[in-house]
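In this text, residue positions in the sequence shown follow my numbering: the first is 1, and each later residue adds one.
Ideal placement from N, C-alpha and C gives every residue a C-beta, glycine not left out.
None of these values were measured; they are calculated from a predicted model.
Here the structure comes first, spelled out in C-alpha cells, and everything after it is commentary.
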Amino acid sequence: MELGKLIGEGSTAEIYELDNNKILKLFIKGYKKKYIKYEYRVNNILSTYDLPVTKAYKMVKCNDRIGIIYDKVNGNTMLHNIFDDMSSIKTYGENLAKLHYTIHKVTYNKRLYNYKQSLIRSIKNIDLIDNDTKHKIIAYTKSLPDGSNLCHGDFHPENILIDNNKYYIIDWMTTRKGNCLCDVARTIIILKYSVVEKDIPIDEIKEFHVLRSLLLKHYVNFYTAFSGADINEIEKWELPIATTRLNENIPEEEKALLLEYINNQLKK
C-alpha cells in the first residue's frame, strides 16, 4: 500500500491520506493487535446506530504495522474551532454535552469491555501511589453503581472533528460499556486538569485556562439539563478517573495536579 501525506500523529498511531477521500490510521510498530481489532470491531458496532462517526472499512497491514482505513473528515477539531471562535464557547459547550448524551442514550450489553473493571485493572498497575491507597480507591470504585450505557472512554474536544458544521466523534479505541456518569467524570477531569506544553507563550496559556473553565461550566450545565443527571453522582466517579489518568501519557505537571486532588479526596 502506498502511503499518502502524513496529516496527523499521536502516541499510538499516525494518520495518512489515501485516495478516494479515505485515511489510514496506522498504529505504531508493536502496538497490540487485539486493541486494533477491538477498535475496528467497535466501529462496526457503532455503524448500526445513528451516531456521528466515521466509517471504518477494513484492517490492513503496511510495513510490518497494522492500520484501519476510515473515511476522511475535511475539518478541524472542536478545540481548534474554539480558539478560532471564542465568542461561541457556550454553543461549543452545549454541542459537547449533546454529543456525549447521544452516545449515552445507547445501551449495549455485548462484546464491549466493562468500564468499572477497566478502571480497577488500571488502578492496580499505577506506580505513583502506594498499595494501601490503591486498595482504598479500588474498594471505593467497586462500591459505585455499574451500568450498560455505551461510553466513549476518552471524550473531549480533540476527539471531535467539525466539517461544515457537522460533528464527528473519533478515536473509539477506549469504548466501554458501563455507567455513563463515569464517562462524564472523565471528560470533567480532562477539562479541569489538562495542561499545555511549556513552550507556548504565557498569554496563550492564560487564554487556554479561561476557555477551558468556561467550556467545562457550559458542558456540565448542558449535560445535566439534557440527561437529568445529578452532578453529585457524577462527582463520585472523579476519584477513580483521576487515579487512572496517572497511568496515561500526560505531562508530569498534570500528574502532580491529579495526585494533589487524589490526596485531598482521600482526606475527606
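Own chain, CB closer than 6 Å to residue i, minus 5 neighbours either side, in chain order
i: M59; result: Y40, I68
i: N159; result: I170, D171
i: R212; result: L191
i: L119; result: T141, P240, T244
Same chain only: Cβ atoms within 7 Å of residue i, ignoring 5 sequence neighbours per side
i: I189; result: E238, I241, A242, R245
i: M1; result: V60, C62
i: Y167; result: P52, N95, L99, I160
i: K29; result: D64, R65
Cβ shell of residue i (< 8 Å), same chain only, five flanking positions each side left out
i: N249; result: S11
i: P145; result: N179
i: S47; result: V53, K55, A56
i: I7; result: I15, Y16, E17, I23
i: H268; result: One detail in the question is off: residue 268 reads as Lys in this sequence, not His. No residues qualify anywhere along the chain.
Where the beta strand (DSSP E) through residue i begins and ends
i: K90; result: Where K90 is concerned, there is no enclosing beta strand (DSSP E), although the alpha helix (DSSP H) it sits in stretches over 89–104.
i: R111; result: Unbroken run through R111: none, as it is neither H nor E.
i: N125; result: Where N125 is concerned, there is no enclosing beta strand (DSSP E), given that its DSSP letter is neither H nor E.
i: L150; result: 149–151
Proximity of residue i and residue j at Cβ, strictly below 7 Å
i: I273; j: I137; result: Residue 273 lies beyond the stretch modelled for the chain, which goes from 1 to 268, so this question has no answer here.
i: N43; j: A56; result: yes
i: Y113; j: R176; result: yes
i: L181; j: E233; result: yes
i: L26; j: L18; result: no
i: F208; j: V196; result: yes
i: L215; j: G93; result: yes
i: I36; j: I15; result: no
i: I103; j: H152; result: yes
i: L79; j: P157; result: yes
i: Y108; j: L150; result: yes
i: T54; j: Y31; result: no
i: I162; j: N81; result: yes
i: K353; j: H218; result: Here the chain comprises residues numbered 1 to 268, so residue 353 is not present and cannot be evaluated.
i: T174; j: D154; result: yes
Endpoints, alpha helix (DSSP H) assigned at residue i
i: N263; result: 252–266
i: Y193; result: 180–193
i: N232; result: 231–235
i: H80; result: 78–84
i: N249; result: Per DSSP, N249 belongs to no alpha helix (DSSP H) and is neither H nor E.
i: K32; result: Segment: none, K32 is in no alpha helix (DSSP H) and carries neither H nor E.
i: T243; result: 238–245
Residues bridged to residue i [DSSP beta-bridge criterion]
i: Y167; result: I162
i: D71; result: K22
i: Y16; result: L6, L24
i: R65; result: C62
i: A56; result: Y70
i: K177; result: N114, L150
Nearest residue (CA-CA) to residue i, options the options
i: H100; options: D130, E253, Y223; result: Y223
i: T106; options: M173, K217, S227; result: According to the sequence displayed, residue 106 carries Val and not Thr. Checked all of M173, K217, S227; the closest Cα to V106 is S227.
i: K141; options: D230, R121, A229; result: The residue you asked about is not Lys; residue 141 is Thr in the sequence shown. When only C-alpha atoms are compared, the closest one is R121.
i: V210; options: D64, G4, A13, S87; result: S87
i: P251; options: Y193, A139, L3; result: Y193
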